[in-house]
Amino acid sequence: MRLLLDSHTLLWWFWHSPPLGTLADNAIRSPDNEVLVSAASIWELAIKQASGKLAAPENLIALCEKEGFHLLPIQPFHAERAGGLPPHHRDPFDRMLVAQAQAEGLTIVTADAALRRYGVRTMAAGE
764 MRLLLDSHTL
774 LWWFWHSPPL
784 GTLADNAIRS
794 PDNEVLVSAA
804 SIWELAIKQA
814 SGKLAAPENL
824 IALCEKEGFH
834 LLPIQPFHAE
844 RAGGLPPHHR
854 DPFDRMLVAQ
864 AQAEGLTIVT
874 ADAALRRYGV
884 RTMAAGE
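For the sequence shown, the working numbering assigns the number 764 to the initial residue and increments by one for each residue that follows.
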């Protein structure tokens, strides 16, 4: 399975946070799965950290690479697809994750149930 981590899921992973459920934890750990982190998530977390709204680990890119996570760049066709999505969700970062998941055949690991309204495959991050 190819998993795309939502921003909060990525933080829960690095913080070894209790909200990360056993199912998601096992899926991320499984060598049978490819784990991806979008440039959109890195961007979102960097913005929130710089504004003081969030304490995130430093050097997220290096941490992702150390974990063996693959970094997913934002391609122009991802941006075009995200812009054309119905307005089920207003967060532009989450809309980008949906567009990337649709275009790349990924399952989003998230606690955000609203993403399911796009018909994208999701895995509950908190179960």
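Glycine is no exception: its CB is placed at the ideal position from the N, C-alpha and C atoms.
Secondary structure at glutamate 843: helix, using DSSP grouped into helix, strand and coil. Around aspartate 875, the same chain offers Asp769 and Asp857 as residues with beta carbons nearer than 7 Å, after the five sequence neighbours per side are excluded. In the three-state scheme derived from DSSP, where H, G and I count as helix and E and B as strand, methionine 859 is classed as helix.
The Cβ-Cβ distance between tryptophan 776 and leucine 783 falls below 8 Å. Following the DSSP letters along the chain, one finds isoleucine 824 inside the alpha helix (DSSP H) bounded by residues 823 to 830.
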